[in-house]
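Protein chains in written order, with the working numbering: chain S, 1 to 306; chain R, 1001 to 1173. Cβ coordinates follow ideal geometry from the N, Cα and C atoms, glycine included. Here the structure comes first, spelled out in structure tokens, and everything after it is commentary.
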């Protein structure tokens, strides 16, 4: 039996009044955070508090993976090592060729008096968690060296583009995946240079190109790479392969679905590329269409569906 | 079972703040485990469950601000827009306070049937908020989160009350 006095002659305002107060507060939080992004400092402070818990919660997963590694047989390791050697050898040719090509491009650019392409450098980061939120496509990473990561940096894995750093916290950083509903990136069909915008569908493993005219030369199996025209993502990063192209007479645009090349969830490490100077904090901020930022800041905005 | 009149009465010590805090911390850790894929969609919301449990059991300990702060922590942990969980938990808290006496008059399984709509309303509010903010809704499996959480209600008294009785023997005056 509950021996406490029931909440009859309650202290303070009625439950309904309290409900109204807290709901209003929560709605205010949502609006301020979603619309104006004014709670980032508060979020960072809270994230510092919950960081130890995240560490503790990652222990079971760490134990399992460590145990798996320990139990992994010599044979498996040998096989993996061989496969990696093979891959390295296969890529050696491409790497050496790319050096030659790069020097040729540099020479041509100098001749044509164009700006030199920025060499990309990066920081290795470990994936520590997948955001526990079915509404967004994010992962949480921790950089190997501190202080190098800035909001807006592209994040890549062995196979291609993974996403973009969107929140920098003191101990870890959030990466919004390219499959997130709010992510848009300029891509190019590698085969013929056709440019398009790729948008996340808000679910893992799919991207779509909603604004490619019906008559465009694009077909299933085409590889999409970043075009580099936004100044955020360096050109040439693998993004996705085209899975289906559907053309119908009703719509002026083809329905194109793609599969991202980077398998995010099978990796433990990603590479965070440095942002170009002046591009820092250049996030694809879709929530603020009217925020005409001063200076060179560009905002990738998802156009309204026709 | 919680305070049903038909049962033999066991005088239990009221839950200590320590037990309540510890249970919430464990629920928070449970939430932070590396869930992904379908498991993430089905992950029971232990924080919400405990919020109802302690609101029903120890209404003097749990205030609206606790529900709200738990929600804020959950939001940061889930990297969702600040306030979404806070809104859901505030509603859960209100419903738990409102239906407290009614819930207490049932056995555990019937209580779980009362918990289900409470959790479901909160989930519905979350879904509505997501729709308004134009987030894509997660797969259909997500809707089974509330039933799964409500099922755990049946196990909850056994876990926590046992703790209370064992911790400190009841004082009978």
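Look at residue 1035 of chain R: its C-beta is under 7 Å from a C-beta on chain S. For residue 1130 of chain R, the nearest CB of chain S lies under 7 Å from its own CB, placing it at the interface with that chain. With respect to the 7 Å criterion, residue 245 of chain S and residue 218 of chain S are classified as neighbours on the basis of their beta carbons.
One finds 22, 25 and 26 in chain S with Cβ atoms closer than 8 Å to the Cβ of residue 1068 of chain R, taken in chain order.
With its beta carbon less than 7 Å from one in chain R, residue 29 of chain S belongs to the interface. Nearest Cα to residue 1118 of chain R within the set R:1130, R:1097, R:1033 and R:1037: R:1097.
Chain R places no beta carbon closer than 7 Å to that of residue 263 of chain S, leaving this residue out of the contacts. Excluding the 5 residues flanking it on each side, residue 196 of chain S has same chain C-beta neighbours closer than 6 Å at 187, 209 and 212, in chain order. In this structure, residue 1100 of chain R sits away from residue 1052 of chain R, with a CB-CB distance that is not shorter than 7 Å. Interface annotation, residue 1142 of chain R: in contact with chain S, CB-CB separation under 7 Å.
Looking only at S:215, S:223, S:243 and S:82, the smallest Cα-Cα distance to residue 252 of chain S is reached by S:215. Residue range 1084–1098 is occupied by the alpha helix (DSSP H) that includes residue 1091 of chain R, with no beta strand (DSSP E) assigned at that position.
By the neighbour-count definition (other C-beta atoms within 10 Å, threshold 16), residue 66 of chain S is an exposed residue. Taking 8 Å as the upper bound for CB-CB distance, residue 238 of chain S and residue 159 of chain S are in contact here, some 6 Å apart. Looking at R:1107, R:1135 and R:1125, the one whose alpha-carbon comes closest to that of residue 1158 of chain R is R:1107. A distance of 7 Å or more separates the beta carbons of residue 1025 of chain R and residue 1139 of chain R.
Residue contact check for residue 1148 of chain R against chain S: no CB pair falls below 7 Å. Taking a 10 Å sphere around the C-beta of residue 34 of chain S, we find 16 or more other C-beta atoms and assign the residue as buried. Residue pairing for residue 177 of chain S: DSSP places it in a beta bridge opposite S:163. Residue contact check for residue 1090 of chain R against chain S: a CB pair falls below 7 Å. Assignment of residue 261 of chain S by DSSP, reduced to helix, strand and coil, places it in the coil class.
Residue contact check for residue 1045 of chain R against chain S: no CB pair falls below 7 Å. Chain R places no beta carbon closer than 7 Å to that of residue 269 of chain S, leaving this residue out of the contacts.
Judged by their CB atoms, residue 222 of chain S and residue 189 of chain S are nearer to each other than the 7 Å cut-off.
When the beta-carbon positions are compared, residue 131 of chain S and residue 1079 of chain R come within less than 7 Å of each other. Only 1129, 1130, 1133, 1135, 1136 and 1138 from the region 1110–1140 of chain R bring a Cβ to less than 7 Å from some Cβ of chain S. About 6 Å separates the CB atoms of residue 1077 of chain R and residue 1032 of chain R; that is less than 8 Å, so the two are in contact. Three or more pairs of CB atoms, one per stretch, sit closer than 8 Å, so the region 21–33 of chain S contacts the region 1079–1091 of chain R. For residue 1086 of chain R, the closest Cβ of chain S is nearer than 7 Å. Between residue 150 of chain S and residue 172 of chain S, the gap from beta carbon to beta carbon reaches 7 Å or more. The three-state secondary structure of residue 250 of chain S, taken from DSSP, is coil. For the pair residue 84 of chain S and residue 1083 of chain R, the Cα-to-Cα distance works out to about 46 Å. Neighbours of residue 199 of chain S in chain R, taken as residues at a C-beta separation under 7 Å, are lacking, since the least C-beta distance is about 12 Å. The C-beta of residue 54 of chain S comes closer than 7 Å to at least one C-beta of chain R. Within its own chain, the residues whose Cβ lies closer than 6 Å to the Cβ of residue 154 of chain S, once the five positions on either side in sequence are excluded, are 164, 233 and 273, listed in chain order.
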